[in-house]
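Notes follow the structure.
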Amino acid sequence: MIRKITLLFLACCSAVLSAKAQAVCGFDAIHQHMMTTNPAYNQSIQQNAMQWAQHMQSLSNPNALILNTAGGTVYEIPVVVHVMNTGGAIGSIYNPTDAQIISMIDYLNKSYAATWSGYPDSTNGGAYIPLRFKLAQRDPNCGSTSGIDRYTVTNQQYINSGVNGNINGNVGGLDDTTLKNYDRWPTYDYYNIWIVNKIDGEDGTTPGQVFTAGFAYFAGAAPVYDGTIMLATQSNAGDITLPHEIGHAMGLYHTFQGGTTSSCPANNNCNTDGDQVCDTEPMMEYSPGTCPNGINPCTNAAWQNTQRNFMNYSNCQNRFTAGQRTKVIFNLTSLRSGLLSSLGATPPAATSVIAAQCTPTITNSGNQYDIGPRSVKVSDLQANSGGYTTDGYKVFYDRTCSQRANLMVGVNYTITVQTNQYNNENCVAYIDYNNDGQFTSNEMILTSSNAKTHTASFTVPASAPTCTPLRMRVVSDLGTTPGPCTQLAYGQAEDYTVYIRPAHSTSTVTVTASANPSCVTSAVTFTATPDQYAVSPTYQWYVNNTLVAGATGSTYTNSTLTNNSIVTVEMFYTTAATCGGTDSVFSAPFVVSRVNNLSASVSITTPTNPACTSDPMSFTAVPVNGGATPAYQWYVNNIAVAGATNATYTAPSGLNAGDLVKVIMTSSSSCVTNGPATSNVITVAHTNILIASVANTATGNPGCPGLLITFTAAPTNGGAAPTYQWMLNGSAIPGATNTTYASTALNNGDVVTVQMTSSSHCVTSGPVTSSPVTVTFTPLTATVNIAQTAGTNPSCAGKTITFTATAVNPGTTPTYDWKINGVSTGTNAITFTSITLATGDVVTCVLTSSNSCVANPVVTSNTLSIEIDQLDTTSVTTALTAGNNPGCADSVLAYTATAVNMGANPDYTWFVNGNPVANGNTYSSNSLADGDILTVRVIATATGCRTQDTVNSAQIAIVRLPTPGAPVISLIGTLLVANTSASVQWYGPNGLIAGATNPTYAPTEAGQYYCVATNGACSSGSSNILNITLLNVNTYNMSELSIFPNPTNGLLTLDWNGKSVSMKVDVYNSVGQGLLHEDISNTNRKVLDLSHFASGTYFVVLRDASGNTGTARVTLTK
8 MIRKITLLFL
18 ACCSAVLSAK
28 AQAVCGFDAI
38 HQHMMTTNPA
48 YNQSIQQNAM
58 QWAQHMQSLS
68 NPNALILNTA
78 GGTVYEIPVV
88 VHVMNTGGAI
98 GSIYNPTDAQ
108 IISMIDYLNK
118 SYAATWSGYP
128 DSTNGGAYIP
138 LRFKLAQRDP
148 NCGSTSGIDR
158 YTVTNQQYIN
168 SGVNGNINGN
178 VGGLDDTTLK
188 NYDRWPTYDY
198 YNIWIVNKID
208 GEDGTTPGQV
218 FTAGFAYFAG
228 AAPVYDGTIM
238 LATQSNAGDI
248 TLPHEIGHAM
258 GLYHTFQGGT
268 TSSCPANNNC
278 NTDGDQVCDT
288 EPMMEYSPGT
298 CPNGINPCTN
308 AAWQNTQRNF
318 MNYSNCQNRF
328 TAGQRTKVIF
338 NLTSLRSGLL
348 SSLGATPPAA
358 TSVIAAQCTP
368 TITNSGNQYD
378 IGPRSVKVSD
388 LQANSGGYTT
398 DGYKVFYDRT
408 CSQRANLMVG
418 VNYTITVQTN
428 QYNNENCVAY
438 IDYNNDGQFT
448 SNEMILTSSN
458 AKTHTASFTV
468 PASAPTCTPL
478 RMRVVSDLGT
488 TPGPCTQLAY
498 GQAEDYTVYI
508 RPAHSTSTVT
518 VTASANPSCV
528 TSAVTFTATP
538 DQYAVSPTYQ
548 WYVNNTLVAG
558 ATGSTYTNST
568 LTNNSIVTVE
578 MFYTTAATCG
588 GTDSVFSAPF
598 VVSRVNNLSA
608 SVSITTPTNP
618 ACTSDPMSFT
628 AVPVNGGATP
638 AYQWYVNNIA
648 VAGATNATYT
658 APSGLNAGDL
668 VKVIMTSSSS
678 CVTNGPATSN
688 VITVAHTNIL
698 IASVANTATG
708 NPGCPGLLIT
718 FTAAPTNGGA
728 APTYQWMLNG
738 SAIPGATNTT
748 YASTALNNGD
758 VVTVQMTSSS
768 HCVTSGPVTS
778 SPVTVTFTPL
788 TATVNIAQTA
798 GTNPSCAGKT
808 ITFTATAVNP
818 GTTPTYDWKI
828 NGVSTGTNAI
838 TFTSITLATG
848 DVVTCVLTSS
858 NSCVANPVVT
868 SNTLSIEIDQ
878 LDTTSVTTAL
888 TAGNNPGCAD
898 SVLAYTATAV
908 NMGANPDYTW
918 FVNGNPVANG
928 NTYSSNSLAD
938 GDILTVRVIA
948 TATGCRTQDT
958 VNSAQIAIVR
968 LPTPGAPVIS
978 LIGTLLVANT
988 SASVQWYGPN
998 GLIAGATNPT
1008 YAPTEAGQYY
1018 CVATNGACSS
1028 GSSNILNITL
1038 LNVNTYNMSE
1048 LSIFPNPTNG
1058 LLTLDWNGKS
1068 VSMKVDVYNS
1078 VGQGLLHEDI
1088 SNTNRKVLDL
1098 SHFASGTYFV
1108 VLRDASGNTG
1118 TARVTLTK
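Residue numbers (our numbering): 8 to 1125.
Below, the structure is given as structure tokens:
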């Protein structure tokens, strides 16, 4: 069965037209930019490098990972190619044809398989990497697709300059993320390739011009970056741009990583230095378009073909290495394992999952906590994703089209869900087993609280529908444990497809060889053997991972294989439970061993030497390199024995003492270079006087009446077929003629013997009798002792206490009667558990033994007295001990927690929004934000009886208010004026002035005045201080005057209602600056033009000839 995986990672490559241009690559600049500006990317790359080094150190064979997969699993990668054209016809320069793109993907596959014409294959310096890039067959909406998606970009920046690839300075094109946002398929399910018109303003067609051909990203980049961008002019079969970029995307650095054009990279540890691959020799960065030969200055030795690697700038790139293959697969399986289960490369299913009857909603829409499943693994499903925030604020993410887990009825599986690494979350998972679009409690397969990794095991029930797509829902959230359809606080729900097959729906195939090792040039036949579940299997054979044309039978014969060749077979089959489809599976790789110049030898053995005169004697030949059909000739005293030509030879009438026996073997193997091989010689020896004897042993003795006692005879020199007669008290027992004798009817003192007659010709004596065995019955005594084995004594009320009985001679089916204060509890078991015991209770156990040998079958245990302490009610309260809540945003808040009945030195932990921030019974901070939730958890550290050992306080909602700026006050006319529209509090010579909270205040006594701006419970700093000394100014009677309109948009009318007046008129702003000064004489109306002032609050001050002063507040609104 072909497995599927997708790739990731960052890189950039440039190309040139040799005499036309010079190839460079922007990977190093982009990679370094991301390392210095993107902390998450930096952390991911460093963590991956550490895991890679640890992985390589753990392998005794650095290429073991690849060896185990050779000819077996091929990682199929769903690919979508976005053709970002500018409106030109298909086939024009920036809009390549489907055929051109398909041939480019074919070239990519053959480059990684080391099968492209002209490139070295896996037996001549190339390295086979088991990847298969396949254009997607289903789109993100489950529709059919060719995997080629054409998008016309009308943005003029793109049309003129394409995409910016040079992070050190762009030329007016689009950022790559902006372009990708036009047309992107989910990076968790597809590998995205964008074909563009230009990079940094160049399309690769200008002779002599250096240009960037493409770039890609390492897996540490966010999904918004992930994928490869490449020029349309480089999207051709035979152009190394795409193999090079995909190498970066798979985690490969340049082979000159860490070096320069004049210096070599470090090479102290090849797993961590340079390109982090041990079979690519260190090298300097050579100019594009060259292919160095001779001596490598970084090793002072001849080049080992690294200059021909796809991951440098030479003009002779044609191969990867085995070490690069190992790193590619390591990165795939560790960083992009979710794409192993992507369905992107498969056609849309004929039957889709039924719609869900409900989907969760969210309370805190747009939150930044990024809560939700990050990784879901069960069976072959290994899906990755972001959380609620990273996935674009998706509270419900339906992935049933792109991700599927294949399960089997009756099999136990483990589901593992990984959530946000920064917060402990609550997680649940369900499978809609009855396929009704709803999730019920009996369909739950996982529930986990307060964790980052959530794991559970479940068994697929026999009642589950098979061959039908079902819906699986995974939900995680902060706070309470979510349900399948509840309103979430911050989290996310994800749905997947589950496909259940009946039992035994998968099959296996094994490969055996007619000979291994085998001789060079000899034909070897390989046989494929399916298991019993495969129906109508067909086959395809592979040698060294290359398909053998026409080799489609259950056997395959080859005479040209070399040593260490790898033979595999792919079996296509159906079973009774493949749901009407055909599946396939690879065998394990069979490693061929071929040898030359074998040496044949033979040895002989016999089990009967010395032997009795006239007894038959048998001899066996043991060949080495005898081939399939070796020939034998046996000799006695160097004379060939007529007809003795088999691997064994028997002399039925015996041989004479001193006879010499040997065999000569002729090997049938064509690899054997020596002639017939002669064995060792066995000299026949005779013995004529043997003494027979027999021993008698008994089991179950001593015993008791009615129990089985078994006697066994052990002969010495009994011959091949000795005979026996068992005797009881000197008399033969009828029918007791076997090697053993057993009885339950024996009596105490009975004597049992056995007579043996040897069948050996060498024994001269008649029947022999064993020593007697006397039957002994001994009565047994039963005892029982009880002990407390769980809980404590004294114990706490409601706590579990367990007692265990230890019995002596209980028999095979004893009964136990546990009692409290002499009253039976009804428990018949070795252990007794209770949570209801009280102080003063006495626990005992009565044993009734089933052993018939026991003289006292009913026996009572020792007693255990119980002491129970009552539970203290525990709690924790909090008190605000400094600051105000509500209060200013930057002010200090201090809280003190008081625990009740939690014992000495309990452990206090303070939490802000569920995250631990401090320890101890007090907590203070000036960084709490508005809306934060503060709680404290107390854990008892001393023993004691409590209702809870862990208690949590009530939630404290933090209310933080913006701190207003300190106002500026002025004396305008007779009013003190603050330059703010907010509420203020005025202070005078006697301190706070009650009720004086408006922006203006008329002082009533001499002295110093100031104010503070207020915002609820939050106050600003003090304003400037004004010292008021003149208060005897007469007040002008403002009731005589009408001022309108107020507010005004420019013209302000002062109307004395027909009374003629003469006075000075001044206009001030809120900080006391004089803006307008006019004298009026003998008039009853005056119009002031304020239109040239800014909108705001102004004060009009009037002074008549008598010195009377009046002030009016005016609002100007334009």
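C-beta atoms are modelled at their ideal positions from N, C-alpha and C, and glycine is treated no differently.
Who are the Cβ neighbours of residue i in its own chain at under 6 Å, not counting the five residues just before and after it?
i	result
Val-865	Thr-855
Lys-669	Tyr-642, Ser-686, Val-688
Tyr-563	Phe-533, Trp-548
Pro-779	Val-758, Thr-760
Asp-538	Ser-514, Thr-515
Report the CB separation of residue i from residue j in whole angstroms; it is logged as a contact under 8 Å.
i	j	result
Ile-84	Arg-139	7 Å
Cys-769	Thr-694	6 Å
Phe-784	Asn-755	4 Å
Thr-723	Ser-700	5 Å
Gly-379	Tyr-395	5 Å
Thr-415	Val-516	Per the sequence presented here, residue 415 reads as Met, with Thr not at that position. Actually they do not touch by this definition, with Cβ atoms about 18 Å apart.
Thr-627	Thr-655	5 Å
Please report the residue range of the alpha helix (DSSP H) in which residue i lies.
i	result
Ser-168	163 to 168
Asp-105	105 to 120
Val-335	329 to 342
Tyr-189	183 to 189
In chain order, what residues of the same chain have a beta carbon less than 7 Å from the beta carbon of residue i, not counting five sequence neighbours either side?
i	result
Thr-488	Asn-433, Val-435, Thr-454, Ser-456
Ile-73	Because the pLDDT of Ile-73 is 27, which lies under 50, any placement of that residue in the model is unreliable, and the question is left without a value.
Leu-753	Ile-716, Val-782
Arg-1120	Thr-1007, Thr-1104, Phe-1106
Thr-212	Thr-240
Ala-244	Ser-110, Met-111, Asp-113, Tyr-114
Leu-155	Residue identity check: residue 155 is Ile in the sequence provided, not Leu. These residues qualify, in order along the chain: Val-88, Val-90, Asp-105, Ile-108, Leu-142.
Phe-1100	Leu-1082, Leu-1123
Asn-663	Val-691
Tell me where the beta strand (DSSP E) around residue i begins and ends.
i	result
Arg-411	411 to 415
Ile-611	608 to 612
Leu-1061	1058 to 1062
Pro-974	No beta strand (DSSP E) contains Pro-974, which DSSP labels as neither H nor E.
Gly-296	No beta strand (DSSP E) contains Gly-296, which DSSP labels as neither H nor E.
Looking only at its own chain, which residues have a Cβ that is under 8 Å from the Cβ of residue i, when we skip the five neighbours before and after it?
i	result
Thr-828	Here the sequence assigns Asn to residue 828, which means Thr is not the residue at that position. Asp-848, Val-849, listed in sequence order.
Thr-306	Glu-288, Pro-289
Gly-805	Ile-842, Leu-878
Asn-745	Tyr-731
Give, in chain order, every unbroken run of the beta strand (DSSP E) that is at least 3 residues long and sits entirely within the stretch 492 to 535. 499 to 508, 516 to 520
Can you list the beta strand (DSSP E) stretches of 3 or more residues lying completely in the stretch 210 to 273, in chain order? DSSP runs (the beta strand (DSSP E)) wholly in the stretch 210 to 273: 218 to 224, 235 to 238.
The stretch 344 to 352 / the stretch 381 to 397 touching (three or more Cβ pairs under 8 Å): Touching, yes, given that three or more Cβ pairs across the two stretches are closer than 8 Å.
Stretch-stretch touch, CB-based, cutoff 8 Å, three pairs: the stretch 921 to 932 with the stretch 899 to 906: yes
Minimum length 3: unbroken beta strand (DSSP E) runs contained in the stretch 857 to 889: 865 to 867, 882 to 889
Touch test, the stretch 364 to 373 against the stretch 476 to 494, Cβ-Cβ under 8 Å, three pairs minimum: yes
So within the stretch 784 to 834, which uninterrupted beta strand (DSSP E) runs reach at least 3 residues, ignoring any that extend past its ends? 790 to 797, 808 to 815, 822 to 827
When the Cβ atoms of the stretch 954 to 965 are set against those of the stretch 979 to 991, are three or more pairs found closer than 8 Å? No, because fewer than three Cβ pairs between the stretch 954 to 965 and the stretch 979 to 991 fall closer than 8 Å, the two stretches do not touch.
Evaluate the contact criterion for the stretch 129 to 138 versus the stretch 267 to 278: three or more CB pairs, one atom per stretch, below 8 Å. no
Complete runs of the beta strand (DSSP E) confined to the stretch 546 to 628 [at least 3 residues]: Whole beta strand (DSSP E) segments, 3+ residues: 562 to 565, 573 to 581, 590 to 593, 608 to 612.
Any 3 or more C-beta pairs closer than 8 Å across the stretch 859 to 874 and the stretch 883 to 900: no
Examine the Cβ distances between the stretch 222 to 241 and the stretch 183 to 195 and report whether three or more of them are shorter than 8 Å. With a cut-off of 8 Å, the stretch 183 to 195 and the stretch 222 to 241 count as touching, because enough Cβ pairs lie within range.
Three-pair Cβ contact test at 8 Å for the stretch 634 to 652 versus the stretch 785 to 803: no
Can you confirm whether the stretch 418 to 433 touches the stretch 521 to 530 when touching is taken to mean that 3 or more C-beta pairs between the two stretches lie within less than 8 Å? no
Between the stretch 1065 to 1073 and the stretch 1084 to 1102, do three or more beta carbon pairs fall short of 8 Å? yes
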